[in-house]
Amino acid sequence: MAKRIFDMKKELIYVSVCRKIFVSEITNHQNSGFSKGALTVIKRNIVSIMCLAIIIVSCTNKDNKEKSITLYPAIENNKWGYIDKTGKMVIAPQFDKARLFCEGYAVVSKGPISGYIDKTGKMLFGQQFDVIKNFSEGMAPVLYDEVWGYINKTGEIAIEPQYDWASKFSEGLAAVQISKKWGYIDTSGNMVIDFNYDGAWEFSGGLASVRQLNKWGYIDKEGNIAIELTFNWAFKFSEGLAAVKIADKWGYIDTTGTVVIEPQFDQVNSFSEELAFIKTGGKWGVIDKTGKIVIEPRFEMGSEFSEGLAQIRLNRKWGYIDRTGNIVIKPQYKGTWGYTDGVAAVRIDRKIAYINKKGDYIWNPSE
Numbered sequence: 268m269a270k271r272i273f274d275m276k277k278e279l280i281y282v283s284v285c286r287k288i289f290v291s292e293i294t295n296h297q298n299s300g301f302s303k304g305a306l307t308v309i310k311r312n313i314v315s316i317m318c319l320a321i322i323i324v325s326c327t328n329k330d331n332k333e334k335s336i337t338l339y340p341a342i343e344n345n346k347w348g349y350i351d352k353t354g355k356m357v358i359a360p361q362f363d364k365a366r367l368f369c370e371g372y373a374v375v376s377k378g379p380i381s382g383y384i385d386k387t388g389k390m391l392f393g394q395q396f397d398v399i400k401n402f403s404e405g406m407a408p409v410l411y412d413e414v415w416g417y418i419n420k421t422g423e424i425a426i427e428p429q430y431d432w433a434s435k436f437s438e439g440l441a442a443v444q445i446s447k448k449w450g451y452i453d454t455s456g457n458m459v460i461d462f463n464y465d466g467a468w469e470f471s472g473g474l475a476s477v478r479q480l481n482k483w484g485y486i487d488k489e490g491n492i493a494i495e496l497t498f499n500w501a502f503k504f505s506e507g508l509a510a511v512k513i514a515d516k517w518g519y520i521d522t523t524g525t526v527v528i529e530p531q532f533d534q535v536n537s538f539s540e541e542l543a544f545i546k547t548g549g550k551w552g553v554i555d556k557t558g559k560i561v562i563e564p565r566f567e568m569g570s571e572f573s574e575g576l577a578q579i580r581l582n583r584k585w586g587y588i589d590r591t592g593n594i595v596i597k598p599q600y601k602g603t604w605g606y607t608d609g610v611a612a613v614r615i616d617r618k619i620a621y622i623n624k625k626g627d628y629i630w631n632p633s634e
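Last residue of the sequence shown? That's 634 in the numbering used here, and every number before it is there in order.
Put into structure tokens, the structure is as follows:
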């Protein structure tokens with residue numbers, strides 16, 4: 268059986284073998300509601316790591332804020348290990364694939380076998396499943412015999428495999444799919460919201476974006492319609508606002524459904540750190556929560572802000588800007604990722620390196 272590795276995060280990328288790339292939410296595009304704008308960063312990252320067997324961004328910064336030391340997957344002699352933020356190798360290179368740690372566990376692979384390790388590098392469990400995904404709220408989706416279920420942090424099956432698709436838990440609920448219809452379950456596996464929807468996002472701020480008859484709206488955690496299904500597309504809420512598409516333009520609504528930034532943009536990203544990238548006139552710039560353009564559109568592409576910096580592309584090279592739009596790390600990379608605990612992954616030629624916020628390398632396999 269061919270394995271499909273997906274996750275419900277728009278910046279998650281998995282490369283299994285050269286030229287066979289499986290990207291989160293592209294296959295699930297019609298279910299999760301990505302627009303061309305939201306897919307921009309994903310498409311860029313596909314190119315960035317072609318033929319590299321790694322997941323660099325497997326947790327969002329929010330997911331990956333752990334009390335213990337942050338570790339980053341790094342390659343040495345064609346094997347993946349883990350470095351700390353100083354560039355010291357703390358888990359010896361031994362894996363064929365490696366993800367970032369989420370809730371204290373990381374998914375790694377040796378040959379065809381995948382499992383979870385802890386931060387000592389000890390293999391714990393998960394090897395019996397066909398596909399395993401990251402932990403969220405103490406639960407991880409797993410694929411067994413072509414159906415999805417969930418395990419807990421002891422490796423025990425918490426919810427029996429039975430679904431055609433299973434997303435991560437968020438705010439106590441997870442979107443699951445059977446026979447092309449989506450509903451929501453709780454962490455005990457109880458059906459909380461029935462299989463009524465053609466598409467579904469995770470919950471954020473007590474609301475989830477859902478689709479029926481090609482229109483998107485929002486439900487609350489009891490399954491009640493909170494914002495009528497009238498939009499052509501609708502992202503999940505982020506920092507109190509959600510991007511929605513009305514006709515052929517994008518704007519933003521608040522949690523009451525009130526339009527707070529009029530639809531006027533060709534493409535958009537979600538808000539992060541009070542700012543959002545938008546595309547107008549063929550270029551990407553940045554707006555604040557009032558809709559005011561605070562960084563003039565001049566970039567070929569742009570990503571979300573992370574720890575005060577955002578990824579941008581100019582002349583087909585990637586670098587970083589600050590919140591005022593100043594370029595703080597000049598565009599020079601073939602690919603970039605967001606910062607986690609002061610460290611970001613960048614692509615140099617066909618290899619992944621890590622830099623700090625000054626642009627200095629803490630890990631460069633090319634050297």
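C-beta atoms are modelled at their ideal positions from N, C-alpha and C, and glycine is treated no differently.
{"Item": "Buried or exposed (CB count within 10 angstroms, at least 16 for buried), K355", "Value": "exposed"}
{"Item": "Neighbour flag for T547 against chain E, beta carbons, 9 Å", "Value": "This model lacks chain E altogether; it includes just one protein chain."}
{"Item": "Minimum C-alpha distance to D555 - residue among F566, E563, A543", "Value": "A543"}
{"Item": "Between the CA atoms of I399 and G393 - distance to the nearest angstrom", "Value": "7 Å"}
{"Item": "Residue closest to S403, alpha-carbon to alpha-carbon, out of M390, G518, V374", "Value": "V374"}
{"Item": "Reduced DSSP category for N481 - H, G, I as helix; E, B as strand; rest coil", "Value": "coil"}
{"Item": "Sufficient close CB pairs (3 or more, under 8 Å) joining the stretch 488 to 502 to the stretch 405 to 423", "Value": "no"}
{"Item": "Q395 (DSSP reduced to helix, strand or coil)", "Value": "coil"}
{"Item": "C-alpha distance - M406 paired with L581, whole-angstrom precision", "Value": "40 Å"}
{"Item": "Beta-carbon spacing of D465, N481 below 9 Å", "Value": "yes"}
{"Item": "Residues near F538 by beta carbon distance below 6 Å, same chain, minus five either side", "Value": "S505, E506, L508"}
{"Item": "Check whether G663 and I358 have beta carbons under 9 Å apart", "Value": "Residue 663 lies beyond the residue range present for the chain, which begins at 268 and ends at 634; the question has no answer from this structure."}
{"Item": "Distance, T557 Cα to Y383 Cα", "Value": "43 Å"}
{"Item": "Candidates Y339, P408, F396, G378, of which the one nearest K386 by Cα", "Value": "Y339"}
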